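In what follows, a structure is listed as structure tokens, so that the remarks can point back to it.
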Amino acid sequence: MARVSRGCAAVCVLSLVSGSSQGVLQENLDKKLFGQHLVGKVVVKAVKGFLNNTKAKKPLALSLHGWTGTGKNFVSKIIAESIYKRGLQSKYVHQFVATLHFPHAHSINLYKDQLQSWIRGNVSICPRSLFIFDEMDKMHAGLIDSIKPFLDYYEFLDGVSYRQAIFIFLSNAGAEKITEVALDFWRNGRRREDIQLTEMQNALSVSVFNNKNSGFWHSTLIDRNLIDYFVPFLPLEYKHVKMCVRVEIESRGYVVDEDILTRIADEMTYFPREERIYSDKGCKTVDAKLDYYYDF
Numbered sequence: 389m390a391r392v393s394r395g396c397a398a399v400c401v402l403s404l405v406s407g408s409s410q411g412v413l414q415e416n417l418d419k420k421l422f423g424q425h426l427v428g429k430v431v432v433k434a435v436k437g438f439l440n441n442t443k444a445k446k447p448l449a450l451s452l453h454g455w456t457g458t459g460k461n462f463v464s465k466i467i468a469e470s471i472y473k474r475g476l477q478s479k480y481v482h483q484f485v486a487t488l489h490f491p492h493a494h495s496i497n498l499y500k501d502q503l504q505s506w507i508r509g510n511v512s513i514c515p516r517s518l519f520i521f522d523e524m525d526k527m528h529a530g531l532i533d534s535i536k537p538f539l540d541y542y543e544f545l546d547g548v549s550y551r552q553a554i555f556i557f558l559s560n561a562g563a564e565k566i567t568e569v570a571l572d573f574w575r576n577g578r579r580r581e582d583i584q585l586t587e588m589q590n591a592l593s594v595s596v597f598n599n600k601n602s603g604f605w606h607s608t609l610i611d612r613n614l615i616d617y618f619v620p621f622l623p624l625e626y627k628h629v630k631m632c633v634r635v636e637i638e639s640r641g642y643v644v645d646e647d648i649l650t651r652i653a654d655e656m657t658y659f660p661r662e663e664r665i666y667s668d669k670g671c672k673t674v675d676a677k678l679d680y681y682y683d684f
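Residue numbers (my numbering): 389 to 684.
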């Protein structure tokens, strides 16, 4: 039976951001995340509500879905910074990348044992641990189900409570469904800001559950409703790419050159081929393009 020493627990608490400082989550999402009105609403409510709930019945589980460059990793970074003083660098934040940490299909049983052991050990040390699983669309099917007991409604498992932990899953799976809804709104002359979470959640969870190329394929985490929110990241439009470029230039301390800003946005590739509405890489290559245009 696992026990947590008072010393470990005290260090864990000291690493957390004070409750009064957690407004950084809303502030950073408002200032630095573009074109994602659904994300801003659900993430702030889910995370702040969970952190303020002293009687949570289960860990918080968020699954972030969308194309590359739409902000999934950025949002997980902001969440970490709103909880821990050292953000992603905190020793209580644990990141797993499917292709790096779980590369071989023939080793899936070993990975399951290692993953369970890692989560059990770290939550025993710090109940308010954060686990981030990136590239869920590249994870071997069945592997993530090994953590199902930790996300369930158990008060204790072998003397350890997981109810204060947070699990975040990042995936490209479901991006097609998200784009389908966004395009339908655009073609019907409706604003993307009018897209409601209820119009996305169920369709997104079903799409991911039935995607054979996803680590969530027929997953018990979805089947047992253990994922609290499926968070859709909409594809980014030209105007959002320009916003990304502007913020990146300003963050480096340079005066914004509108001509360079426009050229960088114009160089990005967009889809569908005919309409050219959405950036196929989101804002992912903005940083590299700035290095080309500015003498840093």
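In this text, a Cβ means the ideal position worked out from N, Cα and C, and glycines have one as well.
As the structure is a computational prediction, the values presented were derived from the model and not from experiment.
Rounded C-alpha distance that separates residue 673 from residue 461: 14 angstroms
At least 3 beta-carbon pairs within less than 8 angstroms: the segment 530-541 vs the segment 576-585: no
Beta-carbon contacts of residue 517 that lie in its chain and below 6 angstroms, excluding the five residues immediately before and after: 480, 510, 511, 553
Cα-Cα separation, residue 525 to residue 605: 9 angstroms
Buried versus exposed call for residue 667 [16 or more other C-beta atoms within 10 Å across all chains shown]: buried
Contact check, residue 627 vs residue 592, beta carbons under 9 angstroms: no
Span of the beta strand (DSSP E) around residue 483: 481-485
Residue 427: first and last residue of the uninterrupted alpha helix (DSSP H) it sits in: 425-439
Length of the line joining the Cα atoms of residue 414 and residue 601: 33 angstroms
Nonlocal neighbours in the same chain, by C-beta distance under 6 angstroms from residue 476, ignoring five residues either side: 465, 468
Closest residue to residue 645 among 612, 682, 487 (Cα-Cα distance): 682
Complete runs of the beta strand (DSSP E) confined to the segment 573-653 [at least 3 residues]: 617-620
Length of the line joining the Cα atoms of residue 520 and residue 506: 13 angstroms
Between the CA atoms of residue 584 and residue 634 - distance to the nearest angstrom: 28 angstroms
Complete runs of the alpha helix (DSSP H) confined to the segment 453-539 [at least 4 residues]: 460-471, 486-489, 496-513, 536-539
Assumed close pair residue 621, residue 494 - CB separation to whole angstroms, cut-off 8 angstroms: Rounded, the Cβ-Cβ distance is 33 angstroms, inconsistent with contact.
Cβ shell of residue 559 (< 6 angstroms), same chain only, five flanking positions each side left out: 453, 524, 525
Sub-9 angstroms separation of residue 471 and residue 421 beta-carbons: no
Residue 568 versus residue 562 - alpha carbon distance: 10 angstroms
Start-to-end residues for the beta strand (DSSP E) that takes in residue 558: 554-559
Distance between beta carbons of residue 457 and residue 671, contact taken as under 8 angstroms: 5 angstroms
Per DSSP, the bridge partner or partners of residue 658: 667
Contacting residues, own chain, Cβ-Cβ under 7 angstroms from residue 632 (five flanking each side not counted): 422, 671, 674
Cβ pair residue 540, residue 508 closer than 9 angstroms: no
Burial state of residue 522 (16 or more Cβ within 10 Å): buried
CA nearest to the CA of residue 486, picked from 529, 444, 655, 504: 529
Short Cβ contact (9 angstroms threshold) for residue 618 with residue 478: no
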